[in-house]
Amino acid sequence: MSDYFAVDPESLARNAPHVRAYSDQFREFVGRLQSGLDSCGECWGDDPMGKAFASQYLNPRDEMLKGLNGTVDVLDSTGDGLETMAKGFAQTEDQNVANARRLGGSGDTYTGPSEETRTPGGSHGTPRP
């Protein structure tokens, strides 16, 4: 288990647009697939064989498209989440630096406990219960 937690807000912020780009590409793919399927119409016909096909095809097709659109939603949410986390962590870091300066510290970014203060089973020199 790690003795400290570190986040690179700039890296999170830099990667949010990449996730959004993947989301846009996937959305485009799903749209092309939907259009292609729609352009076929009900090509199976309404005879007994066509009806049997439709009864086995329509629900799985609809569920697949629902799942693919759900994936687009997850990618959108992930891109938004990365940006939100980046802003939140950066704001927290700024507040921590300001508080450290107010308390008389240098306000330098914390990089984790030094080897001298790190104890087995604990962090920051404090043994874990």
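My numbering numbers the first residue of the sequence shown as 90 and each following residue consecutively.
Every residue, glycine too, gets a C-beta built ideally from N, C-alpha and C.
Environment of Leu101 [buried if 16+ CB atoms lie within 10 Å]: buried
Taking Cβ to Cβ, would you say Val119 is nearer than 9 Å to Val161? yes
Between Ala179, Leu192 and Asp151, which lies nearest to Glu99 when the distance is taken from Cα to Cα? Ala179
Hey, quick one: how far does the alpha helix (DSSP H) through Leu147 stretch, first residue to last? Pro137 to Arg191
Span of the alpha helix (DSSP H) around Gly120: Pro98 to Cys129
Buried or exposed (CB count within 10 angstroms, at least 16 for buried), Glu204: Unreliable placement is indicated for Glu204, whose pLDDT of 49 sits below 50; the coordinate value is still reported in the next sentence. Exposed, because fewer than 16 other Cβ atoms sit within 10 Å of the Cβ of Glu204.
Per the contact definition of three or more C-beta pairs closer than 8 Å, is the stretch 165 to 174 in contact with the stretch 125 to 134? no
Determine the contact status of Gly159 and Val108, defining contact as a CB-CB distance below 9 Å. no
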